[in-house]
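Just below is one structure, and these are the notes that go with it.
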Ligand code: UDX
Ligand code: UDX
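In the working numbering, the protein residues as written are 184 to 646.
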């Protein structure tokens with residue numbers, strides 16, 4: 184039996200440890216966090232994050248071999264293997280602001296581990312970190328003057344929100360990076376043995392520390408790059424009469440390209456993509472690789488442009504003004520099936536509409552609480568309405584920006600009846616039946632497809 188500890192009970196730490204505890208009943212898994220309210224929520228029936236299937240997994244193991252606690256020091260002392268999953272946001276100050284990762288929580292955690300240890304421990308980086316962070320951590324942990332020894336490993340997380348449990352239960356691969364020394368190899372083996380409880384061994388990859396750290400940044404950069412690439416093409420489709428879903432289908436059937444991550448939309452969000460790419464950009468700049476840095480930064484710039492372009496298209500199609508017009512924004516989460524609003528393109532659209540002085544009504548089945556927090560002072564200018572029918576009543580336009588299945592299943596005929604005419608609908612995720620909406624009477628603006636409008640003189644989108 185091992186004592187496994189995870190520091191950081193967030194979107195990564197919580198679900199990951201729940202799945203480990205479920206699959207490894209002989210190990211004791213404790214998740215700790217400085218945030219007391221968060222820990223209390225993990226211990227209650229209302230978990231702090233919305234994630235399909237998570238509650239069932241937590242229920243299986245909670246109290247058996249899965250525990251949540253704020254007693255960080257005591258649990259560090261008892262642990263054999265410590266996963267560190269504290270947040271590593273983009274720096275907002277000083278050198279590297281807006282690009283580099285802010286490692287203060289990580290370093291603080293490393294020092295806390297050292298202060299509370301009296302014997303050998305394996306420390307695993309779960310948080311996304313810049314390449315060679317493990318080296319700094321090894322230095323902090325191993326220069327203790329008391330003969331204490333630690334092995335630092337990298338085991339990046341590849342789970343996506345909304346499908347976290349499925350991704351953890353059935354991962355494409357698990358990556359574990361460590362030092363090529365006898366102690367490093369046996370530390371890697373200890374973590375391999377945990378995952379081997381449920382992951383086939385051919386999907387457990389081992390690598391050197393730096394490859395493992397870098398692979399996480401590169402995986403997210405490649406995924407985000409595909410989204411920005413198809414979004415760039417969506418703009419061209421709107422100008423030319425091509426349909427971006429048809430283009431995506433046609434190119435995705437080429438097995439060399441593949442069909443996933445080719446859905447054009449209002450932009451990518453989430454806590455990882457932008458942060459990890461900017462981190463990669465900063466690393467490249469630091470190593471004097473300006474061209475490489477510029478290449479990857481363009482992925483983020485394209486994303487910001489796509490968000491802004493969506494709002495501009497709304498304004499220009501609604502007779503060049505949305506000022507004082509009620510606009511229902513369907514969706515606040517950065518994607519469906521999560522309550523997370525970090526870097527959500529839906530909120531970028533809200534902000535853009537507020538700048539145009541629109542009366543924004545925001546509707547989302549699970550993310551309104553987080554949206555209020557993310558919008559900060561601007562939340563006072565937004566009306567939050569969980570019921571989409573009420574949100575749309577009296578509105579000039581609907582902007583669908585998160586692909587919740589609920590939004591596709593609404594009765595758009597009665598929604599149309601309660602809206603101001605001419606009624607507009609902008610489908611930023613292409614999940615609605617555009618022809619049907621047009622027949623109901625809406626002026627329909629899909630993304631990356633020609634608009635369907637009832638005006639005789641229509642905008643440049645109409646082909
Ligand atoms: C985040 C990022 O998404 C991911 O890329 C990064 O690799 C790790 O951080 P996530 O789990 O989504 O992962 O973050 P978050 O939900 O903010 O959870 C981090 C938790 O760490 C918070 O609950 C915070 O209270 C806790 N924490 C932070 C500590 O317990 N101690 C600290 O010193 C700092
Ligand atoms: C991502 C990575 O997928 C995951 O491996 C990593 O561990 C964390 O970062 P996540 O951010 O949770 O996961 O969600 P993801 O499904 O990757 O979506 C990110 C954003 O891209 C969302 O806003 C989503 O709507 C958008 N997206 C995704 C598209 O616009 N089109 C697509 O085809 C796919």
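Built from N, CA and C at the ideal position, the CB exists for glycine as well.
Source: prediction; values computed, not measured.
Check: residue 194 C-beta below 6 Å from any heavy atom of ligand 1: Counting from 1 along the chain shown, the entry for residue 194 is found at position 11. Proximity of the beta carbon of residue 194 to ligand 1 is indicated: a heavy atom of the ligand is located closer than 6 Å.
Inter-residue Cα distance where the pair is residue 468 and residue 278: Start at 1 with the first residue of the chain shown, and residue 468 comes out as number 285. Start at 1 with the first residue of the chain shown, and residue 278 comes out as number 95. Here the alpha carbon of residue 468 sits roughly 13 Å from the alpha carbon of residue 278.
Bridge-paired residues (DSSP) for residue 304: Your numbering for residue 304 matches position 121 in the chain shown. Residue 304 pairs with 333.
Residue burial classification, residue 504 (beta-carbon count within 10 angstroms, cutoff 16): By one-based count along the chain shown, residue 504 stands at place 321. That one is exposed.
Uninterrupted alpha helix (DSSP H) stretches inside the region 255 to 296 (no shorter than 4 residues): Inside the region 255 to 296, DSSP marks whole alpha helix (DSSP H) runs of 4 or more residues at positions 255 to 261, from first to last along the chain.
Span of the alpha helix (DSSP H), counted from its first residue to its last, around residue 169: The chain is shown only over 184 to 646; residue 169 falls outside these bounds and no answer can be derived.
For residue 571, three-class secondary structure by DSSP: Counting from 1 along the chain shown, the entry for residue 571 is found at position 388. Helix at residue 571.
Strand pairing of residue 391, partner residues [DSSP]: One-based indexing of the chain shown puts residue 391 at position 208. Answer is 361.
Short Cβ contact (7 Å threshold) for residue 613 with residue 633: For this step, residue 613 is matched to residue 430 along the chain shown. For this step, residue 633 is matched to residue 450 along the chain shown. It is not a contact, given that the beta carbons lie outside the stated cut-off.
C-alpha gap between residue 308 and residue 320, whole angstroms: Taking the chain shown and counting its residues from 1, the one referred to as residue 308 is at position 125. Taking the chain shown and counting its residues from 1, the one referred to as residue 320 is at position 137. Residue 308 and residue 320 have their C-alpha atoms spaced approximately 10 Å apart.
The region 362 to 381 touching the region 395 to 405, judged by at least three CB pairs closer than 8 Å: Too few Cβ pairs lie closer than 8 Å, so no.
Straight-line Cα distance separating residue 531 from residue 537: Indexing the chain shown from 1 puts residue 537 at position 354. Indexing the chain shown from 1 puts residue 531 at position 348. Here the alpha carbon of residue 537 sits roughly 10 Å from the alpha carbon of residue 531.
Helix, strand or coil at residue 640 [DSSP, three-state]: The count along the chain shown starts at 1 and reaches residue 640 at position 457. Because residue 640 sits at a pLDDT of 45, beneath the cut-off of 50, its placement in the model cannot be relied upon, and the following sentence gives the value as read from the coordinates. In the three-state reduction of the DSSP assignment, residue 640 falls in the coil class, being assigned neither a helical nor a strand state.
CA nearest to the CA of residue 210, picked from 452, 550, 200 and 219: Locating residue 210 in the chain shown gives position 27, counting from the first residue. Its Cα nearest to that of residue 210, the residue 200 stands out among 452, 550, 200 and 219.
Same chain, Cβ closer than 8 Å to residue 619, five either side skipped, listed in chain order: On the chain shown, residue 619 is found 436 positions in, with the first residue counted as 1. Answer for residue 619: 595, listed in chain order.
Those residues which DSSP pairs with residue 509 across a bridge: By one-based count along the chain shown, residue 509 stands at place 326. Answer is 542, bridged to residue 509.
Residues proximal to ligand 2 by C-beta, any heavy atom closer than 6 Å: In chain order, the qualifying residues are 340, 341, 342, 343, 344, 403, 406, 410, 444, 445, 446, 448, 451, 452, 453, 455, 456, 517 and 518.
Bridge-paired residues (DSSP) for residue 517: Your numbering for residue 517 matches position 334 in the chain shown. Answer is none; residue 517 lacks a bridge partner.
Sub-7 Å separation of residue 583 and residue 616 beta-carbons: Here residue 583 refers to the residue found at position 400 of the chain shown. Here residue 616 refers to the residue found at position 433 of the chain shown. Between residue 583 and residue 616, the CB-CB gap reaches or exceeds 7 Å.
Residue 269 CB to nearest heavy atom of ligand 1 below 6 Å: As a position in the chain shown, residue 269 is number 86, starting the count at 1. In this structure, ligand 1 has a non-hydrogen atom nearer than 6 Å to the beta-carbon of residue 269.
Where residue 633 sits in the DSSP three-state scheme: Locating residue 633 in the chain shown gives position 450, counting from the first residue. Residue 633: coil per DSSP, three-state reduction.
Test item: CB-CB of residue 560 and residue 508 under 7 Å: Counted from its first residue, the chain shown places residue 560 at position 377. Counted from its first residue, the chain shown places residue 508 at position 325. Cβ atoms of residue 560 and residue 508: not closer than 7 Å.
Straight-line gap, residue 581 to residue 575 (C-alpha atoms, nearest Å): As a first step, residue 581 is located in the chain shown; it is residue number 398 there, counting from the start. As a first step, residue 575 is located in the chain shown; it is residue number 392 there, counting from the start. Answer to the nearest angstrom: the Cα atoms are 7 Å apart.
Residue 719, enclosing beta strand (DSSP E) - first and last residue: No statement about residue 719 is possible, as the shown extent of the chain runs from 184 to 646 and does not include it.
Three-state class that DSSP yields for residue 356 in the structure shown: In the chain shown, residue 356 corresponds to position 173, counting from 1. DSSP, reduced to helix, strand and coil, places residue 356 outside both helices and strands of the structure shown, so it counts as coil.
Below-7 Å beta-carbon distance, residue 489 vs any chain C residue: Protein chain content of the structure displayed is limited to a single chain, and chain C is not contained in it.
Alpha-carbon spacing of residue 304 relative to residue 461, whole angstroms: Here the question's residue 304 lines up with position 121 in the chain shown. Here the question's residue 461 lines up with position 278 in the chain shown. So the alpha carbons of these two residues sit roughly 32 Å apart.
Environment of residue 387 [buried if 16+ CB atoms lie within 10 Å]: Taking the chain shown and counting its residues from 1, the one referred to as residue 387 is at position 204. By the 16-neighbour rule on beta-carbons within 10 angstroms, residue 387 is buried.
For residue 492, the residue or residues it bridges with in DSSP: As a first step, residue 492 is located in the chain shown; it is residue number 309 there, counting from the start. Answer by DSSP bridge pairing: none, since residue 492 is not bridged.
Alpha-carbon spacing of residue 563 relative to residue 292, whole angstroms: In the chain shown, the residue the question calls residue 563 occupies position 380. In the chain shown, the residue the question calls residue 292 occupies position 109. If you take the alpha carbons of residue 563 and residue 292, they lie about 36 Å apart.
Cβ contact (3+ pairs, closer than 8 Å) linking the region 595 to 605 and the region 518 to 531: Taking 8 Å as the limit for Cβ pairs, the verdict is that the region 518 to 531 does not touch the region 595 to 605.
Residue 600 - containing alpha helix (DSSP H), residue span: Translated into the one-based positions of the chain shown, residue 600 becomes position 417. Under the DSSP assignment, residue 600 falls in the alpha helix (DSSP H) whose first and last residues are 595 to 600.
Rounded distance between the beta-carbons of residue 310 and residue 270, thought under 8 Å: Translated into positions along the chain shown, residue 270 becomes position 87. Translated into positions along the chain shown, residue 310 becomes position 127. About 7 Å separates the two Cβ atoms, so the contact holds.
Buried or exposed by the 16-neighbour rule on C-beta atoms within 10 Å, applied to residue 513: Walking along the chain shown from the start, residue 513 turns up at place 330. By the 10 Å Cβ count, residue 513 comes out buried.
Sub-7 Å separation of residue 479 and residue 464 beta-carbons: Indexing the chain shown from 1 puts residue 479 at position 296. Indexing the chain shown from 1 puts residue 464 at position 281. Yes. Within cutoff.
For residue 610, three-class secondary structure by DSSP: Counting from one through the chain shown, the residue named residue 610 turns up at place 427. DSSP places residue 610 in strand when its eight states are reduced to three.
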